[in-house]
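Q: Would you mind keeping the following structure in view while I ask a few things?
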Amino acid sequence: MIRNASKNKVLIKKAKFAKGLFRQMFGLMFKSKIDYGLVFTFYIENKHYIHTYFMRLPIDILFLDSKKIVLKIMKNVKPWKVNVYGRGKYVIELPAGKSFNTQIGDKISFK
């Protein structure tokens, strides 16, 4: 589950975690249906580039710091976009529209 703890709202009930280089490289590519949020955890809080090559659906992207505070939000990112980037320790990809009412500074929780 991924929720906005600041607003006590569930963003999406199901969460998966992109563990390992292979899973992080492919993310949500080739999916014709997205019914979960995908959480990327990085070793250091740094600038990360995300692409939407080979994606079939638009997504929302949240960039979080090490305390899981939202630093940047990108909504309705279309397939085949390049140079989607932001700083963060965590990056969450959600189906488009699921980050509704989430704002920079909100705390996010996931399990």
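The opening residue of the sequence shown carries number 234 in the working numbering; numbering runs sequentially from there.
Even glycine gets a Cβ: it sits at the ideal position worked out from N, Cα and C.
So, is Lys270 buried or exposed, given that buried needs 16 or more other C-beta atoms within 10 angstroms?
A: Note on identity: in this sequence residue 270 is Gly, with Lys being the wrong assignment. Buried.
Q: Does the count of Cβ pairs from the region 320–340 and the region 280–288 closer than 8 angstroms reach three?
A: Yes: the two stretches touch, three or more of their Cβ pairs being nearer than 8 angstroms.
Q: Considering only the beta carbon of each residue, do Lys300 and Ser332 sit closer than 9 angstroms?
A: No, Cβ-Cβ distance for Lys300 and Ser332 is not below 9 angstroms.
Q: Using the rule of at least 16 other Cβ atoms within 10 Å of the residue's Cβ for burial, across every protein chain shown, is Ile337 buried or exposed?
A: By the 10 Å Cβ count, Ile337 comes out exposed.
Q: Going by DSSP, name the residue or residues bridged to His284.
A: His284 pairs with nothing; no bridge assigned.
Q: Cα separation between Lys242 and Arg236?
A: Approximately 6 angstroms between the Cα atoms of the pair.
Q: Can you check which of these residues, Lys264, Thr274, Lys340 and Val303, is closest to Phe287 by C-alpha distance?
A: When each option's Cα is compared against that of Phe287, the closest is Lys264.
Q: Quick one: what's got a C-beta closer than 7 angstroms to Trp313's C-beta in the same chain, skipping five residues either side?
A: Answer for Trp313: Thr285 and Tyr286, listed in chain order.
Q: Using 10 angstroms around the beta-carbon of Lys240, count the other beta-carbons present and answer buried if the total reaches 16, otherwise exposed.
A: Exposed, because fewer than 16 other Cβ atoms sit within 10 Å of the Cβ of Lys240.
Q: Whole angstroms are fine: how far does the CA of Ala248 sit from the CA of Asn279?
A: About 23 angstroms.
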